[in-house]
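Okay, so here's the structure we're looking at.
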Amino acid sequence: MKKGGWQRSLIDAAMLWMAVFPAIKVFADLVRGRSFDLSGAGYYWAFAFRGSWGDIAISLAYIAVYVGLTAAILRYSGKTLFS
1 MKKGGWQRSL
11 IDAAMLWMAV
21 FPAIKVFADL
31 VRGRSFDLSG
41 AGYYWAFAFR
51 GSWGDIAISL
61 AYIAVYVGLT
71 AAILRYSGKT
81 LFS
């Protein structure tokens, strides 16, 4: 393990999932065949976090779990994603 704690691993994991998570949500909507309209989204994240407050909370919980698990894997493997 490297010195410096979890900061680097958390930043790398957060950057990765900030890019990947909205794309997964968009792809899931395409697969489900729902009406697909990005016209109301002012930016990329607005489309990923839409719906009721419960849906948004669930999405944030998922992303927190993904970031935590990815950071743990990076931390204990001693690797970085973006150097």
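Be aware that the sequence shown starts at 1, since it is given in this note's numbering, and climbs by one per residue. By construction, the Cβ of each residue, glycine as well, lies at the ideal position given by its N, Cα and C atoms. Quantities reported herein were computed from a predicted structural model and do not represent experimental measurements.
Start-to-end residues for the alpha helix (DSSP H) that takes in glycine 68: For glycine 68, the uninterrupted alpha helix (DSSP H) segment begins and ends at 53-77.
Taking 7 Å as the CB-CB limit, is tryptophan 53 close to chain D? The question asks about chain D, but that chain is absent: this structure has only one protein chain.
Is the Cβ-Cβ distance between isoleucine 58 and tryptophan 17 less than 7 Å? In this structure, isoleucine 58 lies away from tryptophan 17, with their beta-carbon atoms at least 7 Å apart.
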